[in-house]
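S.K.: Residue numbers for the sequence shown follow our numbering, so the first one is 24 and each next one is one higher.
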Amino acid sequence: MSIVIGVLSLLLTVAFLGAAGLRIAGAPSIRAADARLGVSPALDRAIGALELAAVAGLIAGFWFRPLALAASIGLVLLMIGAVTYHLRARDPAALAAPAATLGLAAVANAVLLGLA
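Right, dumping it as structure tokens:
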């Protein structure tokens, strides 16, 4: 695994570990955002579980690259869903930007892993 892929995987791991932790803990800021976006608590828990699974895949990917590729693709799909929810709620671009940025980082990671 190249240094660029390793660093990008590590950054995604840290970001999504934090996000999953907040979701699973039911942080008030996450609950408020979910209420505005129309995300049910059950869907929120499922998203948190998927984020944790992606984190595990990214970590395992340091030893078995196909897991990191699958995790990155899963994160791309999750972030497409997140941006879609923001667009449906007519949120300003600033609120959708973190999901879009993380999604683009996951795309870059998936492409780099696929080419490596």
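Where is the CB? At the ideal position from N, CA and C, for every residue including glycine. Quick caveat, the model's predicted, so the values are computed rather than measured.
Report the three-state DSSP secondary structure of V62 (helix, strand or coil).
M.R.: Here V62 sits in coil by DSSP.
S.K.: Between A119 and W86, what straight-line distance do the alpha-carbon atoms span, to the nearest angstrom?
M.R.: Approximately 33 angstroms between the Cα atoms of the pair.
S.K.: Where does F39 sit, in a helix, a strand or coil, going by DSSP?
M.R.: Three-state DSSP puts F39 in a helix.
S.K.: Comparing alpha-carbon positions, which option in Y108, L34, L75 and A129 lies nearest V62?
M.R.: Comparing Cα-Cα distances from V62 to each of Y108, L34, L75 and A129, the minimum goes to Y108.
S.K.: Need the endpoints of the alpha helix (DSSP H) that G104 sits in, please.
M.R.: Run containing G104: R88 to R111, per the alpha helix (DSSP H) assignment.
S.K.: Assuming L125 and A38 form a contact by the criterion Cβ under 8 angstroms, report the distance between their Cβ atoms to the nearest whole angstrom.
M.R.: Correct: roughly 6 angstroms between the Cβ atoms.
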